[in-house]
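Participant: Handing you a structure now.
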Amino acid sequence: MPVNEEKEWKPKIIAFCCNWCSYSGADLAGTNRLSYPAEVKIIRVPCSCRINPMFVLRAFQRGADGVILCGCHPGDCHYMTGNYHTRRRMTLLFSMLDYLGIEKERTRVEWVSAAEGQRFVDVMDSFVEEITKLGRSRRLGDLRCRN
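Encoded structure:
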């Protein structure tokens with residue numbers, strides 16, 4: 374791969390954000406004219422516990438270089454215990470990703486409230502920076518056995 378092409382590469386980041394806190398935090402960042410990297414594509418979900426681990430696997434399969442899940446702080450969930458379910462489910466997902474050979478640094482869970490627009494920007498900036506250092510991801514499609 375030519376050196377110039379590598380410099381132009383930008384990671385593809387998928388951010389699953391809960392409607393009540395993290396998505397509102399992203400909205401607050403926009404309202405305050407704070408910017409986060411354009412590489413981040415936000416998918417709004419009702420609650421972080423609504424994120425099926427297959428969504429994360431599918432994102433990697435479709436070419437995402439990193440996936441971040443953002444939800445309410447523990448104890449502040451609109452649905453009471455949704456983020457506790459997310460934390461348990463994602464712990465299992467991380468071990469599955471490790472088994473598949475996907476670096477654990479490519480997936481992250483963060484808690485961002487609706488009033489934390491600057492924190493949302495900081496989290497996205499640091500995640501994009503980390504993924505950029507890791508480089509291109511091997512897609513799950515590349516991990517299949519081929520004849």
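Counting from 374, one number per residue, gives the positions in the sequence shown under my numbering. A virtual CB, placed ideally from N, CA and C, is assigned to each residue, including glycine.
1) Report back the beta-carbon spacing between I387 and A432 to the nearest angstrom; my notes put them in contact at under 8 Å.
2) Check whether the Cβ atoms of Y409 and M497 lie closer than 8 Å to each other.
3) For L442, which beta-bridge partners are listed by DSSP?
4) Using CA atoms only, rank isn't needed, just tell me which of N392, C450, A411 and G398 is closest to K385.
5) What is the DSSP secondary structure of K383, counted as helix, strand or coil?
6) If distances are taken between C-alpha atoms only, which option among C420, Q434, T464 and R512 comes closest to R481?
7) Does the segment 419-431 come into contact with the segment 442-453, if we say contact requires no fewer than three beta-carbon pairs (one atom in each stretch) closer than 8 Å?
8) Quick one: give me the first and last residue of the alpha helix (DSSP H) that I504 is part of.
9) For R461, count neighbouring Cβ atoms within 10 angstroms of its own Cβ and tell me buried if that reaches 16, exposed if not.
10) Can you list the alpha helix (DSSP H) stretches of 4 or more residues lying completely in the segment 391-471, in chain order?
11) Using only the alpha-carbon positions, how far apart do Y396 and N456 sit?
12) Using a Cβ-Cβ cut-off of 6 Å (strictly less than) and excluding sequence neighbours within five positions of E483, which residues of its own chain qualify?
13) Could you check how far apart the C-beta atoms of R492 and V485 are, in whole angstroms? I think they sit under 8 Å.
14) Sort G436, G398 and N392 by Cα distance to A487 and report the nearest one.
Facilitator: According to the data block:
1) 5 Å
2) yes
3) F389 and V482
4) A411
5) coil
6) T464
7) yes
8) G490 to L507 is the extent of the alpha helix (DSSP H) around I504.
9) exposed
10) Counting whole runs of 4 or more residues, the segment 391-471 contains the alpha helix (DSSP H) stretches 395-404 and 426-434.
11) Taking the straight line joining both Cα atoms gives about 15 Å.
12) C443 and V496
13) With 8 Å as the limit, R492 and V485 qualify as a contact, their Cβ atoms being about 6 Å apart.
14) Nearest C-alpha to A487: G398.
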